[in-house]
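S.K.: Numbered per this note's numbering, the sequence shown spans residues 17 to 221. In this text, a Cβ means the ideal position worked out from N, Cα and C, and glycines have one as well.
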Amino acid sequence: PPSSMVRITRSSQAGEQVQLIQDAFAAYQSGDFAQSQLKYSEALEQYPDSRDAMLGMAAVALQTGRQQQAINYYLQLLNKNPLDNIARAAILGQQRGNNSLESISQLKSMIYDAPDQPYLYFAVGKLHVSRGNWSEAQQAFFDAHRLDTTNPDFALNLAISLDRLGQSQTALDYYNVALSLAENNPASFQSSVVQSRIDTLTRGN
Numbered sequence: 017p018p019s020s021m022v023r024i025t026r027s028s029q030a031g032e033q034v035q036l037i038q039d040a041f042a043a044y045q046s047g048d049f050a051q052s053q054l055k056y057s058e059a060l061e062q063y064p065d066s067r068d069a070m071l072g073m074a075a076v077a078l079q080t081g082r083q084q085q086a087i088n089y090y091l092q093l094l095n096k097n098p099l100d101n102i103a104r105a106a107i108l109g110q111q112r113g114n115n116s117l118e119s120i121s122q123l124k125s126m127i128y129d130a131p132d133q134p135y136l137y138f139a140v141g142k143l144h145v146s147r148g149n150w151s152e153a154q155q156a157f158f159d160a161h162r163l164d165t166t167n168p169d170f171a172l173n174l175a176i177s178l179d180r181l182g183q184s185q186t187a188l189d190y191y192n193v194a195l196s197l198a199e200n201n202p203a204s205f206q207s208s209v210v211q212s213r214i215d216t217l218t219r220g221n
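1) Can at least three beta-carbon pairs, one atom from the segment 162–174 and one from the segment 201–217, be found at a separation below 8 Å?
2) Are His161 and Ala171 close, meaning C-beta to C-beta below 8 Å?
3) Just to confirm, are Tyr89 and Ala77 a CB contact at a threshold of 8 Å?
4) For Gln111, does the count of other Cβ atoms within 10 angstroms reach 16, so buried, or fall short, so exposed?
5) Candidates Gly72, Pro64 and Ser212: which alpha carbon is nearest Tyr56's?
6) Which of the three DSSP states, helix, strand or coil, is assigned to Thr80?
7) Spatial neighbours of Tyr190 within its chain, please: C-beta separation below 6 Å, excluding the five flanking residues on both sides.
8) Note down the Cα distance separating Ala156 from Lys96, rounded to an integer number of angstroms.
9) Report the rounded CA-to-CA distance for Ala86 versus Ala74, giving the unit in angstroms.
10) Closer than 6 Å by C-beta to Tyr137: which residues in its own chain qualify, once you throw out the five before and the five after it? Chain order, please.
11) Report, in whole angstroms, the separation of the C-beta atoms of Leu195 and Gln211, which I expect to be a contact under 8 Å.
12) Quick check on the burial criterion: 16 or more other C-beta atoms within 10 angstroms. Buried or exposed for Lys124?
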C-alpha cells in the first residue's frame, strides 16, 4: 500500500484539539492504528475542519488497507483547498494505466515547485512501478529516501527496485535498512516477508 505518501502534521493551534492530534500522532508512530484512528476521529467530531485530523485519518486508512476511504479524506481536503499538495499527490499516486503518465507529469510539476518533499518522489516511484519502469522508479525512491531517511517504506521500495534491476547487494543493504527503520517507525510491510527476501539474497551471495 502506498502508505508512505502520507504526511501527518502536528497542529500549531492551542487547546484540546492539539492534545487529541498529538495523542493520535503518537499512537500512529507506535503502530497502534486503532487508537490513532479513535483519537483522530474524536478530533474530527469536535473540529470538523481540522486538516491534521483528516490527514491522520487518511494515513490510518492507508495503513490498514482501506484505500478508498483514504482517498475520500483527501478529496474532502481538496474540496476545502484545491491547492493542498499532500492531498493532490496522494490521489495522483493512486492512478494506474493510461492515467499514470499524466499523473507523473503533474507530480513532476509539483516537485519543481517543492523539490524537498519526499512524498512527491515516492508517488512518482509508485506510478513508475505500475508501468514496469523500474529504473525510473529506483531513482524516484532514492530521492524519497534521500529526503527522509527515517521512513521504512521509502527504504523498502528502493530495495525492491534495486532488486528488480539485478543490483542484489545494494538491494540487500536497503532491505536491512528498511527492517531497522521499521523497529521504530510505522511501516506498511510485514518484517517477516522482508527478512525472507534478505535470507534468500544472502544465500545467493
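M.R.: For this structure:
1) yes
2) yes
3) yes
4) buried
5) Gly72
6) coil
7) Ala171, Leu174 and Ala175
8) 29 Å
9) 4 Å
10) Ala156, Asp159 and Ala160
11) 7 Å
12) exposed
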